[in-house]
Amino acid sequence: MIEKLEEIKDRFEELGQLLVQPDTLSDMKKYSKLNKEYKDLEKIVNKYKEYTDTREGIQGAKEVLETEKDPDFREMAKAELDELEPLIPKIEGELKTLLIPKDPNDSKDVIMELRAGTGGDEAAIFVGDMFRLYQKFCEKHKLSMSVINQNEGSAGGFKEIVATVTGADAFGALKFESGVHRVQRVPDTETQGRVHTSAITVAVMPEAEEVDVDINMADIKKDTYRASGAGGQHVNKTESAVRLTHLPTGTVVECQDGRSQHKNYDKALQVLRSRIYQQEQDKLDAERAEHRKTLVSTGDRSAKIRTYNYPQGRVTDHRINYSQHNLPTVMDGEIDEFIDQLRIAENAERMKENQV
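Sequential numbering of the sequence shown, starting at 313, is according to our numbering.
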């Protein structure tokens with residue numbers, strides 16, 4: 313680990329020199345790239361300095377105890393040793409965590425899709441409940457959520473809703489939400505008080521930029537149609553809604569949120585690009601070693617990841633076998649504890665995978 317940390321320190325110092333070179337300062341793209349690497353390494357280098365300073369302090373205190381006869385000096389050295397020695401395992405643990413290779417997508421913005429699955433009207437209502445949960449979560453974490461497309465349910469909620477989430481490390485905060493979310497409760501339409509089980513699918517995709525995925529625009533079929541839902545006269549008179557079909561993959565994206573066909577086209581293309589990027593990511597994941605299939609952030613949208621049991625007030629994440637008995641609080645957007653536990657599990661797997 314020390315050898316790796318020394319290499320990082322050398323690279324950090326090299327970056328510091330590169331950032332003040334005239335050719336770097338005149339190239340904004342190059343400067344941004346190097347500055348991002350510098351900022352990422354700065355956290356590790358600062359923690360490594362804390363580690364070496366602590367080790368040096370311990371060594372100095374031990375030397376005083378070995379050579380000094382004065383009882384006051386010896387007492388001070390012993391107190392310093394008692395203070396510094398317990399810090400070493402803590403700092404080493406923090407360094408190991410910092411050395412885990414980051415998911416390059418964590419800093420990206422998000423395309424989030426929620427769809428009703430089994431359960432009919434109740435599933436659509438639960439999509440609405442979960443969308444509100446994510447709205448509250450985003451508000452708390454200063455992330456901005458904007459609806460791209462929605463298809464309302466006949467009894468409330470949504471059959472489908474698609475949104476963008478933008479802000480610092482948006483994908484890193486929400487990536488663990490991909491999968492099947494199951495709800496167990498008595499629906500409003502149930503007359504005999506029986507508990508029903510319904511399910512919805514959540515897909516969290518990193519927003520792809522043009523450089524991330526190459527789409528031949530000739531492969532995209534564009535259709536326009538009149539939007540449905542709220543909107544008054546505009547809905548009836550203007551074909552502002554856009555449907556894009558990527559012919560090679562059969563991927564279809566619709567957007568009818570905005571009044572402008574041009575804006576809806578741009579939003580639909582944004583979603584289409586991210587879906588195709590995600591498909592490529594899924595292929596790469598499938599080609600990797602067998603143990604990666606168990607990674608908590610695999611994003612397998614056919615996997616049941618969490619159950620919300622209303623009669624017992626319990627929420628259970630099946631990937632890490634972790635439960636909380638505070639369902640109303642969770643449904644109000646408080647899912648940080650689940651995300652923290654999943655991140656710990658992912659970090660443990662990444663440590664093992666990279667032998668940190």
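Virtual Cβ for every residue (Gly too), placed ideally from N, Cα, C.
Inter-residue Cα distance where the pair is residue i and residue j
| i | j | result |
| --- | --- | --- |
| Ala-435 | Ser-572 | 31 Å |
| Asn-347 | Lys-355 | 13 Å |
| Gly-440 | Ala-520 | 26 Å |
| Arg-538 | Lys-341 | 41 Å |
| Ser-490 | Gly-468 | 23 Å |
| Ile-320 | Val-357 | 7 Å |
| Ile-532 | Ile-512 | 29 Å |
| Gln-653 | Asp-433 | 32 Å |
| Gln-329 | Ser-456 | 36 Å |
| Arg-444 | Val-642 | 11 Å |
Per-residue burial, residue i [other beta carbons within 10 Å of its own, 16 or more giving buried]
| i | result |
| --- | --- |
| Gln-333 | exposed |
| Leu-353 | buried |
| Phe-483 | buried |
| Ile-473 | buried |
| Asp-500 | exposed |
| Pro-383 | exposed |
| Phe-385 | exposed |
| Ala-428 | buried |
| Leu-337 | exposed |
| Gln-624 | exposed |
| Asn-576 | buried |
| Ile-423 | buried |
| Lys-345 | exposed |
| Ile-314 | exposed |
DSSP-derived helix/strand/coil call for residue i
| i | result |
| --- | --- |
| Glu-519 | coil |
| Gly-491 | strand |
| Leu-455 | coil |
| Gln-573 | helix |
| Glu-354 | helix |
| Ala-615 | coil |
| Glu-566 | strand |
| Thr-509 | strand |
| Val-439 | helix |
| Met-388 | helix |
| Gln-653 | helix |
| Arg-538 | coil |
| Glu-595 | Note that residue 595 corresponds to Lys in the displayed sequence, not to Glu. Helix, per DSSP. |
| Asp-500 | coil |
| Tyr-589 | helix |
| Leu-674 | Beyond the ends of the chain as shown, which are 313 and 668, falls residue 674; an answer cannot be given. |
| Asn-347 | helix |
| Arg-631 | coil |
| Asn-461 | strand |
| Tyr-620 | strand |
| Val-525 | coil |
| Leu-556 | strand |
| Leu-331 | coil |
Residues near residue i in its chain [Cβ-Cβ closer than 6 Å; skip 5 each side]
| i | result |
| --- | --- |
| Ile-437 | Gly-468 and Gly-469 |
| Ile-588 | Val-525 |
| Tyr-446 | none |
| Asn-417 | Phe-483 and Pro-518 |
Presumed contact (8 Å Cβ cut-off) between residue i and residue j, rounded CB distance
| i | j | result |
| --- | --- | --- |
| Glu-425 | Ala-485 | Contact flag wrong, Cβ pair sits at about 17 Å. |
| Leu-331 | Tyr-343 | 7 Å |
| Tyr-360 | Leu-317 | 5 Å |
| Phe-324 | Gly-645 | Contact doesn't hold; Cβ gap of about 37 Å is too wide. |
| Lys-616 | Val-492 | 5 Å |
| Ile-412 | Asn-621 | So it is not a contact: roughly 33 Å between Cβ atoms. |
| Leu-639 | Arg-618 | Actually they do not touch by this definition, with Cβ atoms about 11 Å apart. |
| Lys-534 | Leu-559 | At roughly 11 Å, the Cβ-Cβ gap does not stay under 8 Å, so Lys-534 and Leu-559 are not in contact. |
| Leu-292 | Ala-391 | Only positions 313 to 668 of the chain appear in the structure, and residue 292 is not among them; the question remains open. |
Close beta carbons around residue i, own chain, < 8 Å, minus the five adjacent residues each side
| i | result |
| --- | --- |
| His-453 | Gly-479 and Ala-485 |
| Glu-362 | Ile-403 |
| Asp-481 | Asp-418 and Ser-419 |
| Arg-655 | Phe-488 |
Own chain partners of residue i with C-beta closer than 7 Å, once the 5 adjacent residues on each side are dropped
| i | result |
| --- | --- |
| Arg-585 | Ala-520, Val-525 and Ile-527 |
| Ile-460 | Val-474, Ala-475, Thr-476, Cys-567, Asp-569, Lys-579 and Val-583 |
| Ile-370 | Leu-393, Leu-396 and Glu-397 |
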